[in-house]
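Participant: Sending over a structure as structure tokens; questions will come in a sec.
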Amino acid sequence: MEKSLSPTPRILSRVTIRRHHYLALSVVMIAAMILRQVCGHDFLSYDDGINVFDNPYITNFSLETLRHFWNEPYKMLYIPLTYNVWGVLAKISLYFPGAEGALNPHVFHTANLLIHLASSLIVFYLVRALVKDDWGAWAGALLFAIHPIQVEAVAWVTGMKDVLSGFWSLLALWLYILYDRYPRDNDKRYVFYGFATVAFVCALLAKPSAVSVPLAAGVIGLFFLVRRIPDLFRELSLWVIIVIPLVLITKFAQPSSTLSFEPSFLQKFLVAGDTLSFYLFKLFVPYGLGPDYGRTPSYILGHQWVYLTGLLPYFLGGFLVWKGGKKWYLPAGLFLAFVLPVSGLLSFNFQNFSTVADRYIYVAMIGPSVGLGLLFSRYQTRKFLVMSVAFFLGLGLMSMGQVKYWQEDVAFYSHSLSVNPNSWFSYNNLGLKYLGLKEYDRAAESFKKAFSIKDDYDHAYNNLGVVYRELKEYDEAEKMFLKALSVRPNYSEAAANLGEVYKETGQFPKAIEFYERAIALNPGYSTVLANLGNIYTLMHRYVEAAGNYEEFLRRSPGSADIFSNLGLAYKALKQYDKAIAVFERASQLVPGLAEPYNNLGAIYQEIGDNAKALPQFEKAAEIITDNPVPAFNVAQTYLALGRYEEALSAYKNVLDRDEKFPRAYNGMSMAAYMLGEYPKAIEYADKAKELGFKDQQELEEALRPYRKEKGELKPDGGTKKIVDEVTEEQKKEP
55 MEKSLSPTPR ILSRVTIRRH HYLALSVVMI AAMILRQVCG HDFLSYDDGI NVFDNPYITN
115 FSLETLRHFW NEPYKMLYIP LTYNVWGVLA KISLYFPGAE GALNPHVFHT ANLLIHLASS
175 LIVFYLVRAL VKDDWGAWAG ALLFAIHPIQ VEAVAWVTGM KDVLSGFWSL LALWLYILYD
235 RYPRDNDKRY VFYGFATVAF VCALLAKPSA VSVPLAAGVI GLFFLVRRIP DLFRELSLWV
295 IIVIPLVLIT KFAQPSSTLS FEPSFLQKFL VAGDTLSFYL FKLFVPYGLG PDYGRTPSYI
355 LGHQWVYLTG LLPYFLGGFL VWKGGKKWYL PAGLFLAFVL PVSGLLSFNF QNFSTVADRY
415 IYVAMIGPSV GLGLLFSRYQ TRKFLVMSVA FFLGLGLMSM GQVKYWQEDV AFYSHSLSVN
475 PNSWFSYNNL GLKYLGLKEY DRAAESFKKA FSIKDDYDHA YNNLGVVYRE LKEYDEAEKM
535 FLKALSVRPN YSEAAANLGE VYKETGQFPK AIEFYERAIA LNPGYSTVLA NLGNIYTLMH
595 RYVEAAGNYE EFLRRSPGSA DIFSNLGLAY KALKQYDKAI AVFERASQLV PGLAEPYNNL
655 GAIYQEIGDN AKALPQFEKA AEIITDNPVP AFNVAQTYLA LGRYEEALSA YKNVLDRDEK
715 FPRAYNGMSM AAYMLGEYPK AIEYADKAKE LGFKDQQELE EALRPYRKEK GELKPDGGTK
775 KIVDEVTEEQ KKEP
């Protein structure tokens with residue numbers, strides 16, 4: 055017979071119903087204080103690039119890019135709501151730009167924290183509804199909010215999918231409980247059910263693992279609402295039906311599990327048991343948390359202790375049924391409902407790294423939260439309170455320490471390797487960080503360690519090839535890229551990198567072959583389209599170049615550089631109207647970029663419209679103040695327009711930027727000649743020659759009489775020919 059939960063004396067029972075809101079607020083404030091450091095963290099190379107800062111559909115915000123995520127999966131993930139939230143945050147980030155105008159990671163980290171705090175608030179009211187005790191709700195919500203195992207999902211930008219899906223999942227469960235409070239003839243009952251259903255759909259669209267929500271709702275219905283099983287089926291059948299299309303989309307988006315080792319049917323129960331043992335241990339001893347535990351099925355099953363860790367949860371479950379009491383079925387059932395889909399009973403690709411990961415139990419923490427709430431509802435003595443304060447203080451300090459490891463790449467991967475020294479992907483990603491810092495020796499060492507642990511690790515071979523390419527050791531780079539392709543023949547990035555090696559060594563046909571192979575392997579590989587365009591440009595095959603640039607811009611319409619490259623291809627094809635249009639588009643995308651204005655000026659100059667060329671060159675010169683060429687183009691245009699005094703002044707502006715720019719002296723000589731200032735024309739011409747300018751034969755012929763006479767004669771008809779040459783010279787300017 056179950057014991058009453060009321061005999062223990064309480065010291066906290068004076069809390070009134072109105073004051074429970076203050077307790078809920080205190081949970082949010084404590085969690086915000088402990089986790090606030092995440093707001094200042096950087097992006098990590100650990101999937102943040104793929105999903106956010108290198109994702110063209112995120113960085114180029116538009117309604118079209120937002121719709122893209124609803125129309126089809128991205129990188130084998132169908133999580134359109136999460137991607138849309140990232141897209142909106144990227145737009146907000148434009149008002150708080152990061153380094154060199156890039157996305158600001160602080161915006162994304164702050165959003166993660168705010169959603170987690172909102173989830174913690176929901177957990178308070180959810181636990182309060184389930185245990186009917188304010189302090190129990192406070193303890194359960196605080197456990198959810200500050201347990202160190204929650205740090206991964208909150209402190210990792212890519213963890214947004216977990217915290218966002220978790221928020222909607224928890225909201226759906228809370229609304230489901232509220233729905234039950236109204237009788238069948240009350241319309242509010244169905245309003246709450248409708249809202250709960252909408253929240254459940256949002257959870258699925260944030261991350262498909264929310265398929266567990268109906269199972270969790272069933273646990274609540276069975277053990278708290280005391281529903282009959284037929285009634286539960288009737289209530290939750292709509293949710294089950296909603297799950298089916300999402301499961302099918304996810305199934306088609308993601309290929310079948312490609313585990314290097316696939317456990318047998320019975321072995322999967324050992325793997326699942328070990329998973330539960332691991333999570334239970336980390337709940338009570340949250341030490342040594344990291345992103346890669348290396349607990350793959352092959353690792354687990356290769357040790358004899360698997361019979362202890364793999365079978366223990368089943369014995370604990372039996373003991374719970376035998377002696378635990380029905381009140382514990384609810385927290386245990388909620389925990390299992392969210393953990394079982396990622397326990398290893400069903401295979402999933404991350405098992406190549408580890409079956410367990412902290413983020414996988416983000417929502418499942420509602421189970422331990424309810425369990426702790428039940429304990430608090432029973433034990434509220436002074437001694438228990440002191441122990442609880444010490445417990446939460448310890449959790450808070452450990453979480454603050456854990457947060458620091460997620461600050462930036464080097465700290466993150468170094469900590470990962472301290473937790474799991476055989477983390478080959480941590481060595482690889484640490485190498486990528488060193489590669490970005492141009493610390494090539496340390497990068498190469500990290501990549502070599504990665505494939506020494508896992509000899510078929512294609513990414514490490516590819517990345518070592520990139521190191522060799524940066525060092526211009528092209529033979530070694532070629533070997534590494536070919537090795538990566540031998541390990542994984544459909545590795546599009548390795549094919550593209552090999553194409554880059556052949557381009558840099560002048561082997562253009564081979565470069566095209568491997569670029570096209572990369573595109574065939576990955577039709578969405580937009581960067582390769584740009585590379586193909588560049589190589590066709592080098593080969594003066596401008597039609598093919600323009601075609602590849604156009605296709606790139608169809609997929610990524612926000613690249614000013616590629617618009618400029620396309621404009622140059624159109625210019626070479628003498629399709630001037632198209633060239634002008636794309637250069638204008640480039641200047642609109644990045645108004646601070648000088649190249650589109652300079653190219654526009656060159657086109658107008660080429661078609662003989664110097665009046666339109668002039669303001670374009672002036673804009674380019676205004677943007678670039680440390681380079682003489684844009685200012686020189688301005689001066690040349692003044693000269694071509696016959697505005698010789700302005701030309702002379704503009705040439706002097708060129709010399710303010712580079713006093714040894716010989717072409718400026720040559721131009722000054724021509725301007726002075728046309729103004730009849732022959733001694734100065736001679737002086738400038740001599741200076742140009744002294745600085746190495748040789749292409750001034752016509753000018754020398756015109757100046758020869760004045761070198762002899764030193765007179766103030768008017769220019770003869772030969773000067774017209776000299777100035778006419780300016781236009782041709784201008785066409786050659788970059």
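Position one of the sequence shown corresponds to residue 55 (our numbering), numbered consecutively onward.
Glycine included, C-beta positions come from ideal geometry on N, C-alpha and C.
It should be emphasised that the depicted structure is a prediction, and the values quoted were computed from it without experimental measurement.
With DSSP as the reference, please indicate the residues paired to Leu131 in a beta bridge.
Facilitator: Here residue 131 is taken as the residue at index 77 of the sequence shown, counted from 1. Tyr128, per the DSSP bridge assignment.
Participant: For Met419, count neighbouring C-beta atoms within 10 Å of its own C-beta (all shown protein chains included) and say buried if the count is 16 or more, exposed if not.
Facilitator: The count along the sequence shown starts at 1 and reaches residue 419 at position 365. It is buried - the Cβ of Met419 has at least 16 other Cβ atoms within 10 Å.
Participant: Given a cut-off of 8 angstroms on the beta-carbon distance, is the pair Val424 and Gly194 in contact?
Facilitator: For the purposes of this step, residue 424 is identified with residue 370 of the sequence shown, where counting begins at 1. For the purposes of this step, residue 194 is identified with residue 140 of the sequence shown, where counting begins at 1. Result yes, Cβ atoms of Val424 and Gly194 sit closer than 8 angstroms.
Participant: Taking the alpha-carbon of Leu399 as reference, which of Leu362, Ser468 and Leu324 has the nearest alpha-carbon?
Facilitator: Residue 399 sits at position 345 when you count from the first residue of the sequence shown. Cα-wise, what sits closest to Leu399 is Leu324.
Participant: Helix, strand or coil: how does DSSP classify Phe115 here?
Facilitator: As a first step, residue 115 must be located in the sequence shown, where it is residue number 61. In the three-state DSSP reduction, Phe115 falls in the coil class, being neither helix nor strand.
Participant: Determine the closest residue to Ser480 out of Ser401, Tyr494 and His513, with distance taken between C-alpha atoms.
Facilitator: For the purposes of this step, residue 480 is taken as residue 426 along the sequence shown, with counting starting at 1. Comparing Cα-Cα distances from Ser480 to each of Ser401, Tyr494 and His513, the minimum goes to His513.
Participant: With 16 as the cutoff for other CB atoms within 10 Å, does Asp791 come out buried or exposed?
Facilitator: No answer is possible for residue 791: the residues shown for the chain start at 55 and end at 788.
Participant: Do Leu300 and Leu258 have their CB atoms nearer than 8 angstroms?
Facilitator: Looking up residue 300 in the sequence shown gives position 246. Looking up residue 258 in the sequence shown gives position 204. Yes, Cβ-Cβ distance for Leu300 and Leu258 is below 8 angstroms.
Participant: Let me make sure I understand the geometry here. Which of Leu471, Arg90 and Tyr76 has the alpha-carbon closest to that of Leu451?
Facilitator: Here residue 451 refers to the residue found at position 397 of the sequence shown. Minimum Cα distance to Leu451 is reached at Arg90.
Participant: For Asp770 and Val683, I'd like the C-alpha separation in whole angstroms.
Facilitator: Here residue 770 is taken as the residue at index 716 of the sequence shown, counted from 1. Here residue 683 is taken as the residue at index 629 of the sequence shown, counted from 1. Because Asp770 carries a pLDDT of 45, less than 50, the predicted location of this residue cannot be relied on, and the following value inherits that uncertainty. Distance between the alpha carbons of Asp770 and Val683: 30 angstroms.
Participant: Mind checking Pro151: buried by the 16 CB within 10 Å criterion, or exposed?
Facilitator: Here residue 151 is taken as the residue at index 97 of the sequence shown, counted from 1. Burial call: exposed.
Participant: Return the chain-ordered list of same chain residues with a C-beta closer than 8 angstroms to the C-beta of Arg72, the five sequence neighbours on each side being excluded.
Facilitator: Position 18 of the sequence shown, counting from 1, holds the residue named residue 72. None.
Participant: Buried or exposed: Pro645, going by 16 or more other Cβ atoms within 10 Å of its Cβ?
Facilitator: Here residue 645 refers to the residue found at position 591 of the sequence shown. With fewer than 16 Cβ atoms within 10 Å of its Cβ, Pro645 is classed as exposed.
Participant: Considering only residues of the stretch 469–545, which uninterrupted beta strand (DSSP E) runs meet the minimum length of 3 residues and lie entirely inside it, listed in chain order?
Facilitator: none
Participant: Specify the secondary structure class of Gly621 as computed by DSSP and reduced to three states.
Facilitator: Within the sequence shown, numbered from 1, the residue matching residue 621 stands at position 567. It is helical.
Participant: Our contact map puts Leu486 next to Ser99 with C-beta atoms below 8 angstroms; I'd like the distance itself, whole angstroms only.
Facilitator: Numbered from its first residue, the sequence shown carries residue 486 at position 432. Numbered from its first residue, the sequence shown carries residue 99 at position 45. The Cβ separation is near 6 angstroms, so the contact holds.
Participant: Just list the alpha helix (DSSP H) runs in the stretch 596–646, keeping only unbroken ones of 4 residues or longer that don't cross its boundaries, in chain order.
Facilitator: Listed in chain order, they are 596–609, 614–626 and 630–643.
Participant: Taking a contact to mean a Cβ-Cβ separation below 8 angstroms, would you say Leu654 touches Ile634 in this structure?
Facilitator: By one-based count along the sequence shown, residue 654 stands at place 600. By one-based count along the sequence shown, residue 634 stands at place 580. Their beta carbons are under 8 angstroms apart, which means Leu654 touches Ile634 by this criterion.
Participant: Closest to Lys322 by CA distance: which of Leu269, Gly342 and Leu394 is it?
Facilitator: Residue 322 sits at position 268 when you count from the first residue of the sequence shown. The residue with the shortest Cα to Cα distance from Lys322 is Leu394.
Participant: Quick check on the DSSP output: what are the complete alpha helix (DSSP H) runs of length 4 or more inside the stretch 538–585, in order along the chain?
Facilitator: 546–558 and 562–575
Participant: Run through DSSP, which three-state label would Met593 get?
Facilitator: On the sequence shown, residue 593 is found 539 positions in, with the first residue counted as 1. Coil.
Participant: Use the C-beta contact count for Leu352: other C-beta atoms within 10 angstroms, 16 or more gives buried, fewer gives exposed.
Facilitator: Against the sequence shown, residue 352 aligns to sequence position 298. The identity of residue 352 in the sequence shown is Ser, whereas the question assumes Leu. It counts as exposed.
Participant: Thinking Glu558 and Tyr528 are a contact (beta carbons under 8 angstroms), I'd like their distance in whole angstroms, please.
Facilitator: Position 504 of the sequence shown, counted from the first residue, corresponds to residue 558. Position 474 of the sequence shown, counted from the first residue, corresponds to residue 528. Rounded to the nearest angstrom, the Cβ distance from Glu558 to Tyr528 is 7 angstroms, consistent with a contact under 8 angstroms.
Participant: Enumerate in chain order the residues of its own chain whose CB-to-CB distance from Leu59 is below 6 angstroms, with the five nearest sequence positions on each side excluded.
Facilitator: As a working mapping, residue 59 is identified with position 5 in the sequence shown. Any answer about Leu59 is weak, because its pLDDT of 41 lies below 50 and its placement is not dependable; what the coordinates show is given next. Correct list, in chain order: Arg432.
Participant: Whose CA, out of Leu227, Gly578 and Asn576, lies closest to the CA of Phe178?
Facilitator: Start at 1 with the first residue of the sequence shown, and residue 178 comes out as number 124. Of the listed residues, the one whose Cα sits closest to Phe178 is Leu227.
Participant: On the CB-based measure, 16 or more other CB atoms within 10 Å of its CB, does Gln358 come out buried or exposed?
Facilitator: In the sequence shown, residue 358 corresponds to position 304, counting from 1. With fewer than 16 other Cβ atoms from the protein chains shown falling within 10 Å of its own Cβ, Gln358 counts as exposed.
Participant: Among Glu118, Tyr738, Thr679 and Val205, which one has its Cα closest to the Cα of Asp712?
Facilitator: Position 658 of the sequence shown, counting from 1, holds the residue named residue 712. Closest option to Asp712, Cα to Cα, is Thr679.
Participant: Give the straight-line distance between the Cα atoms of Ser331 and His160, rounded to the nearest whole angstrom.
Facilitator: Working through the sequence shown from its first residue, we reach residue 331 at position 277. Working through the sequence shown from its first residue, we reach residue 160 at position 106. Rounded to the nearest angstrom, the two C-alpha atoms are 35 angstroms apart.
Participant: Should the stretch 331–351 be called in touch with the stretch 395–415, which here means at least 3 C-beta pairs below 8 angstroms?
Facilitator: Touching, per the Cβ criterion.
Participant: Is the Cβ-Cβ distance between Val205 and Val457 less than 8 angstroms?
Facilitator: The residue given as residue 205 occupies position 151 in the sequence shown. The residue given as residue 457 occupies position 403 in the sequence shown. Cβ distance < 8 angstroms, so Val205 and Val457 count as in contact.
Participant: Inspect the CB distances between the stretch 579–598 and the stretch 622–637 and report whether three or more fall short of 8 angstroms.
Facilitator: yes
Participant: Once DSSP output is grouped into helix, strand and coil, what is the label at Arg72?
Facilitator: By 1-based counting over the sequence shown, the position of residue 72 is 18. In this structure, Arg72 counts as coil in the three-state DSSP scheme.
Participant: For the candidate residues Tyr368, Thr251 and Thr304, whose alpha-carbon lies nearest to that of Tyr262?
Facilitator: Working through the sequence shown from its first residue, we reach residue 262 at position 208. It is Pro, not Tyr, that sits at residue 262 in the sequence shown. It is Thr304 whose Cα lies nearest to the Cα of Pro262.
Participant: Once the 5 residues before and after Lys503 are set aside, which same chain residues still bring their CB inside 7 angstroms of it?
Facilitator: As a first step, residue 503 must be located in the sequence shown, where it is residue number 449. Shown here for Lys503: same chain residues with a beta carbon closer than 7 angstroms to its own, the five before and five after excluded, namely Tyr481 in chain order.
Participant: In whole angstroms, what is the alpha-carbon distance linking Ala739 and Met724?
Facilitator: As a first step, residue 739 is located in the sequence shown; it is residue number 685 there, counting from the start. As a first step, residue 724 is located in the sequence shown; it is residue number 670 there, counting from the start. If you take the alpha carbons of Ala739 and Met724, they lie about 8 angstroms apart.
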